[in-house]
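What follows is one structure encoded as structure tokens, with my remarks underneath.
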Amino acid sequence: MYWTLELASSLDDAPWPATKEELIDYAERSGAPEEVIENLEELDEENEIYESIEDIWPDYPTKEDFFFNEEEY
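When you line the sequence shown up against this note's numbering, it's residues 1383 to 1455, in that order.
Okay, here's the thing in structure tokens:
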């Protein structure tokens, strides 16, 4: 399983919190790339509730990761 920002962005509007099956259904209905569906199918827990993309991809970059201290420049 591998994630990129482009793949993860396919789940931005997913109905969080959601189960694995709900996320797969959302990805299929929204026309997400096949890699997103394959990644979701590889999740271990069938009945686990995922609160956000961070539960699936712990290294998901947040907005804070892209900002720098503007006062320094």
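For each residue, glycine too, the CB sits at the ideal point set by N, CA and C.
With distance defined between alpha-carbon atoms, name the residue in the options nearest to residue i.
| i | options | result |
| --- | --- | --- |
| residue 1412 | 1432, 1396, 1425 | 1396 |
What is the C-beta distance between residue i and residue j, in whole angstroms, given that I count them as a contact (C-beta under 8 Å)?
| i | j | result |
| --- | --- | --- |
| residue 1393 | residue 1435 | 6 Å |
| residue 1406 | residue 1423 | 7 Å |
| residue 1419 | residue 1430 | With a Cβ gap of about 17 Å, residue 1419 and residue 1430 do not count as contacting. |
In chain order, what residues of the same chain lie with their CB nearer than 7 Å to the CB of residue i, ignoring the 5 residues before and after it?
| i | result |
| --- | --- |
| residue 1433 | 1398, 1399 |
| residue 1404 | 1397 |
Going straight from the alpha carbon of residue i to that of residue j, what length do you get?
| i | j | result |
| --- | --- | --- |
| residue 1441 | residue 1385 | 9 Å |
| residue 1383 | residue 1402 | 14 Å |
| residue 1443 | residue 1426 | 22 Å |
Who are the Cβ neighbours of residue i in its own chain at under 8 Å, not counting the five residues just before and after it?
| i | result |
| --- | --- |
| residue 1416 | none |
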